[in-house]
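One structure is given here, and the rest of the page talks about it.
Residue numbers (my numbering), protein chains in the order written: chain A, 171 to 284; chain B, 4 to 117.
See the structure below:
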């Protein structure tokens, strides 16, 4: 069975500092991996996805994530945090195919201090 | 030109009532989903529909029933509402190959059962 673990339910960084949000997955088949962001009182927006192409994936708003099979990880990073990055971030895994079923992690709330 | 829309945005109702949440997507996607996000922000899939066929049905009480009048709509009907049904419900959609796994989410419907 697939699962996703996000380490740290709450991460706080200073504006301009590096953002690192951790995600580990388990899957019996090569996974498709996603990061979604949820701003307060809004729906989920896709940040980036990995679908077995390049292991370093670049997304919107300056975020990127690296797929590391040996570590079963897909951590999300951004070199310099901005106040507008404060939100809830969700990592998700799918086995792929037309019956894709997204399994979400429990989310990490990112706070950005001025 | 909202891609995935849901109505209503907020729904407050009494225990025992029957209610519906509507979802529409104008992306031409073939698969639509319903997710439940609980008070701890945990997201879990409830249903998905592909070409009017239910293809995923997690352990959801049969008080919940998805209804798809056409490919662009997947409504969620809930009978005999209970306190534990209070949550945010998200609709999502995805397309056929080659991008079957990227799901686009609606803004959510916050259901409060009193």
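From the three backbone atoms N, C-alpha and C, an ideal C-beta is built for every residue, glycine too.
Excluding residues up to 5 positions away in sequence, 180, 181, 182, 183, 256 lie with their Cβ nearer than 8 Å to the Cβ of residue 281 of chain A in the same chain.
Legend: CB atoms of the stretch 40-73 of chain B lying less than 8 Å from CB atoms of chain A belong to residues 43, 44, 45, 46, 47, 48, 51, 53, 58, 59. Bounds of the beta strand (DSSP E) holding residue 247 of chain A are 243-248. Residue 279 of chain A and residue 34 of chain B have their C-alpha atoms spaced approximately 29 Å apart.
Residue 112 of chain B sits close to residue 92 of chain B, with the two beta carbons spaced by under 8 Å. For residue 252 of chain A, no beta strand (DSSP E) run applies, since DSSP gives it neither H nor E. Listed in chain order, the positions of the stretch 18-34 of chain B with a beta carbon within less than 9 Å of a beta carbon of chain A are 33, 34. Note that the stretch 21-28 of chain B does not touch the stretch 38-46 of chain B; fewer than 3 beta-carbon pairs, one per stretch, sit closer than 8 Å. No residue range can be given for residue 66 of chain B, since it is assigned to no beta strand (DSSP E) and is classified by DSSP as neither H nor E. Legend: CB atoms of the stretch 215-248 of chain A lying less than 9 Å from CB atoms of chain B belong to residues 215, 216, 219, 221. Residue pairing by DSSP places residue 220 of chain A opposite A:203 in a beta bridge. Just measuring C-alpha positions, the residue of A:283, A:261, A:271, A:284 sitting nearest residue 277 of chain A is A:261. With distances taken between CA atoms, residue 187 of chain A lies nearest to A:249 out of A:274, A:249, A:273, A:259. Contact between residue 79 of chain B and residue 24 of chain B is confirmed by a C-beta separation of about 5 Å, below the 8 Å threshold. In the three-state DSSP reduction, residue 97 of chain B falls in the strand class (E or B).
Annotation: the continuous beta strand (DSSP E) that includes residue 194 of chain A extends over 189-196. By the 16-neighbour rule on beta-carbons within 10 angstroms, residue 201 of chain A is buried.
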